[in-house]
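Below is one structure; the comments refer to it alone.
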Amino acid sequence: MVASLRGRMVLVFGSMLITVLLLAVLSVWGSRKADLYLRRSQLADSQLEAYLSFALDAQRLYKQVIEQPPPRGQIVNTAIPAGLAQLNDHINRLEALVRQEVELAFDAADAMREQAELERVATLRQLISELGRVLEAIAKITNPGLQPRHWQTLLLSLTELLNGEFRQQIDSAIADERAEAAAVAERSRKLTQWLMLSAAGAAAGAVLLTLLVGLLLLRGVKRPIDTLLAGIDRLAGGDFQHKIRLLSPQEFARLAAGCNHMSTQLQRQRQALLDAHSELERKVEERTRELHHANQRLQQLDQTRRQFFADISHELRTPLTALRGEAEVSLRGADKPVAEYQAVLRRIARLSAQMGRLVDDLLLLARSDSLQTRAEVETLSLDDLLAEVCGNARALAEREGLTLSLALSDHNLFLRGDRERLRQALLGLIDNACRYTPVPGEVMLSLERDGETAVLTVSDTGIGIDPDEQAAVFERYFRGRRATALVPDGNGLGLALVQAIAQDHHGALNLASTPGVGTTVTLRLPLSGSEARIDAFAAG
Numbered sequence: 101m102v103a104s105l106r107g108r109m110v111l112v113f114g115s116m117l118i119t120v121l122l123l124a125v126l127s128v129w130g131s132r133k134a135d136l137y138l139r140r141s142q143l144a145d146s147q148l149e150a151y152l153s154f155a156l157d158a159q160r161l162y163k164q165v166i167e168q169p170p171p172r173g174q175i176v177n178t179a180i181p182a183g184l185a186q187l188n189d190h191i192n193r194l195e196a197l198v199r200q201e202v203e204l205a206f207d208a209a210d211a212m213r214e215q216a217e218l219e220r221v222a223t224l225r226q227l228i229s230e231l232g233r234v235l236e237a238i239a240k241i242t243n244p245g246l247q248p249r250h251w252q253t254l255l256l257s258l259t260e261l262l263n264g265e266f267r268q269q270i271d272s273a274i275a276d277e278r279a280e281a282a283a284v285a286e287r288s289r290k291l292t293q294w295l296m297l298s299a300a301g302a303a304a305g306a307v308l309l310t311l312l313v314g315l316l317l318l319r320g321v322k323r324p325i326d327t328l329l330a331g332i333d334r335l336a337g338g339d340f341q342h343k344i345r346l347l348s349p350q351e352f353a354r355l356a357a358g359c360n361h362m363s364t365q366l367q368r369q370r371q372a373l374l375d376a377h378s379e380l381e382r383k384v385e386e387r388t389r390e391l392h393h394a395n396q397r398l399q400q401l402d403q404t405r406r407q408f409f410a411d412i413s414h415e416l417r418t419p420l421t422a423l424r425g426e427a428e429v430s431l432r433g434a435d436k437p438v439a440e441y442q443a444v445l446r447r448i449a450r451l452s453a454q455m456g457r458l459v460d461d462l463l464l465l466a467r468s469d470s471l472q473t474r475a476e477v478e479t480l481s482l483d484d485l486l487a488e489v490c491g492n493a494r495a496l497a498e499r500e501g502l503t504l505s506l507a508l509s510d511h512n513l514f515l516r517g518d519r520e521r522l523r524q525a526l527l528g529l530i531d532n533a534c535r536y537t538p539v540p541g542e543v544m545l546s547l548e549r550d551g552e553t554a555v556l557t558v559s560d561t562g563i564g565i566d567p568d569e570q571a572a573v574f575e576r577y578f579r580g581r582r583a584t585a586l587v588p589d590g591n592g593l594g595l596a597l598v599q600a601i602a603q604d605h606h607g608a609l610n611l612a613s614t615p616g617v618g619t620t621v622t623l624r625l626p627l628s629g630s631e632a633r634i635d636a637f638a639a640g
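The sequence shown finishes on residue 640 if you use the numbering used here, and the numbering steps up by one all the way, no holes.
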């Protein structure tokens with residue numbers, strides 16, 4: 101045992117020096133280890149983010165290709181090359197990150213795992229090349245309706261590629277990166293624990309050697325510990341925005357940095373949970389909105405049904421009353437001459453025919469409102485249809501003392517539509533023109549082409565429609581003053597029917613009229629280049 105004060109001081113200071121040297125070595129070694137783990141953790145996080153961005157961009161490119169309507173030339177020039185270039189950028193970034201991990205490998209086994217990850221990146225690069233070939237083949241199809249089998253085959257290949265090996269590779273990579281991040285975190289935790297234990301042991305040894313060193317150490321350690329504890333308490337209370345400000349000693353500064361890093365990670369995880377919760381709420385709200393729309397649709401259908409029965413009740417009441425009156429008058433009193441009975445029966449037959457037409461018109465309107473009409477769509481010649489309708493209506497015009505003329509286009513025009521319903525619409529327009537054109541008068545039919553649209557015009561030299569009534573001519577049961585004065589027994593459904601048929605064929609109906617001069621009704625219908633819309637109408 102050293103007896104001299106100097107020797108004791110030398111021993112104490114020597115012990116302190118050794119302790120300090122040991123702590124310094126331990127600190128340097130620990131800081132390097134911690135830096136290595138931190139870099140590996142950052143690389144793992146960067147790779148995880150890169151894989152997620154890679155998967156998201158691939159899915160976004162897939163949706164762009166699927167949702168883009170033909171032709172897809174714009175996708176070839178923009179979206180596909182840009183999307184593939186972005187995917188290749190992700191692959192290049194992943195390869196660079198993996199090579200950095202190879203340089204920072206913990207041991208030989210870890211280096212082999214990173215080499216296997218390089219092989220996975222190479223496999224993904226090959227899958228991107230295959231994906232590019234499939235996308236370019238899809239983009240070359242300008243009209244999937246003309247090549248349905250080839251279109252479906254390419255879509256199936258694209259879907260199998262993205263949901264097959266591509267997804268397996270991405271899912272496996274994400275799982276590996278998460279496992280690697282967890283392993284690095286565990287190593288870092290053990291290192292931190294070991295450093296803390298080592299530092300505590302060295303400090304305890306120094307305290308045992310000399311109370312003075314212990315007191316000095318206590319004075320130098322107490323404040324950082326208090327700061328760390330206060331920061332940890334705030335983190336435990338959920339204040340992840342708080343940062344522990346410690347610059348010395350170095351060990352405590354690193355502990356503070358580790359706590360700050362941990363709080364940042366916790367903040368990100370909490371934000372991810374909040375984002376997931378918000379996404380869930382958004383989906384619930386979206387589904388609720390869909391249910392609301394469906395409920396509104398059901399209410400609309402119910403309102404259509406109620407309107408249909410109201411129309412039936414309203415429109416049939418007058419002819420039924422007339423029928424009953426004719427029958428009761430005929431049956432009342434003594435027998436009447438045969439001629440009188442025949443006249444009554446003719447009036448009853450006329451009223452019955454009127455009721456039949458009214459029921460047919462109301463039923464067609466109700467079906468159009470409820471979207472229940474299923475058309476018999478076919479490719480037909482408008483010139484032939486208009487000539488046929490004109491031939492059928494010529495007798496009606498001659499009986500009314502009118503002239504019916506027809507002017508066809510230079511080229512035969514074709515469209516896809518329901519022949520009978522279009523025929524009904526044209527006959528309705530001609531019938532209106534004949535009924536409201538006094539003798540002598542003329543009804544003119546014409547057919548022209550305007551781009552991808554057929555323009556059918558029915559003009560007359562009739563009584564015309566007052567300007568203040570023209571906005572309401574397509575409403576049900578509306579009849580203008582001039583029309584009511586000339587033909588009192590109309591029901592006001594003719595133009596409403598024609599408009600319903602035009603809308604079902606994705607067309608438009610317009611009217612221009614000058615009182616005392618005549619009326620022109622224009623029916624515009626898409627030609628056969630718009631088959632997809634008419635086919636959708638045929639499917640109901």
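Using N, Cα and C, we set each Cβ at its ideal position, and we do this for glycine too. Keep in mind that this is a model prediction, so the values were computed, not measured.
(request) Locate the beta strand (DSSP E) running through D531, then write down its first and last residues. (result) Not the beta strand (DSSP E): D531 falls in the alpha helix (DSSP H), residues 519-535.
(message) Run through the DSSP bridge pairs and tell me what D550 is partnered with.
(response) T553
(message) Quick check: the Cα distance between A487 and D435, rounded to an integer number of angstroms?
(response) 51 Å
(request) Kindly indicate which three-state DSSP category V120 falls into: helix, strand or coil? (result) helix
(request) Please classify A275: is it buried, with 16 or more other beta-carbons within 10 angstroms of its beta-carbon, or exposed? (result) exposed
(request) Would you mind reading off the limits of the beta strand (DSSP E) that contains N610? (result) 608-614
(request) Assuming R624 contacts V555 (C-beta within less than 8 Å), just tell me the rounded distance between them. (result) 6 Å
(request) Could you give the DSSP three-state label for A205: helix, strand or coil? (result) coil
(message) I need the boundaries of the alpha helix (DSSP H) containing T479, first residue and last residue.
(response) It is not in any alpha helix (DSSP H) - T479 instead sits in the beta strand (DSSP E) that spans 477-481.
(request) Report back the beta-carbon spacing between I325 and C359 to the nearest angstrom; my notes put them in contact at under 8 Å. (result) I325 to C359, Cβ: 13 Å. No contact.
(request) Within its chain, find whatever has a CB closer than 8 Å to the CB of A495; leave out the 5 residues flanking it on each side and keep chain order. (result) none
(request) With a 10 Å radius around its C-beta and 16 neighbouring C-beta atoms as the bar for buried, classify V558 as buried or exposed. (result) buried
(request) Confirm, please, whether the CB-CB distance from G618 to D531 is below 8 Å. (result) no
(request) Could you tell me the distance, in whole angstroms, from the CA atom of S628 to the CA atom of E476? (result) 15 Å
(request) Since I believe V621 is in contact with L529 (beta carbons under 8 Å), could you give me their beta-carbon distance rounded to a whole number of angstroms? (result) 5 Å
(message) So, at 7 Å on beta carbons, what are the nonlocal neighbours of G130 in its own chain, with the 5 sequence-adjacent residues on each side left out?
(response) L291, L295
(request) Identify every residue that forms a DSSP beta bridge with M455. (result) M455 pairs with nothing; no bridge assigned.
(request) Tell whether a beta-carbon distance below 8 Å holds between L227 and V198. (result) no
(message) In this structure, how does DSSP classify L545 when only helix, strand and coil are distinguished?
(response) strand
(message) Does Q442 pass the burial test, meaning 16 or more other C-beta atoms within 10 Å, or should it be called exposed?
(response) exposed
(request) Answer with buried or exposed for S452, where buried requires no fewer than 16 other C-beta atoms within 10 angstroms of its C-beta. (result) exposed
(request) Pull up the distance between the alpha-carbon of G501 and that of R397, whole angstroms please. (result) 49 Å
(message) By DSSP's criteria, P626 is part of a beta bridge. Which residues make up the other side?
(response) T553
(request) Please report how far the alpha carbon of R160 lies from the alpha carbon of L143, in whole angstroms. (result) 25 Å
(message) For a test of the three-state rule: what should DSSP assign to D560, helix, strand or coil?
(response) strand
(message) With DSSP as the reference, identify every bridge partner of G618, one or two as the case may be.
(response) T614
(message) Less than 7 Å separating the Cβ of K343 from some heavy atom of the ligand MG?
(response) For the structure depicted, the ligand MG is absent and the ligand set is empty, with no information on it obtainable.
(request) Can you tell me which of the three DSSP states L308 falls into? (result) helix
(request) Could you name the residues that DSSP lists as bridge partners for T503? (result) E542
(message) Do R519 and E478 count as a contact pair if the criterion is CB distance below 8 Å?
(response) yes
(request) Following the continuous alpha helix (DSSP H) through A602, name the residue where it begins and the one where it ends. (result) 594-604
(request) Would you kindly work out how many angstroms separate the C-alpha atoms of S363 and A356, rounded to a whole number? (result) 10 Å
(message) For a test of the three-state rule: what should DSSP assign to L432, helix, strand or coil?
(response) According to the sequence displayed, residue 432 carries Arg and not Leu. Residue state, collapsed to three classes: coil.
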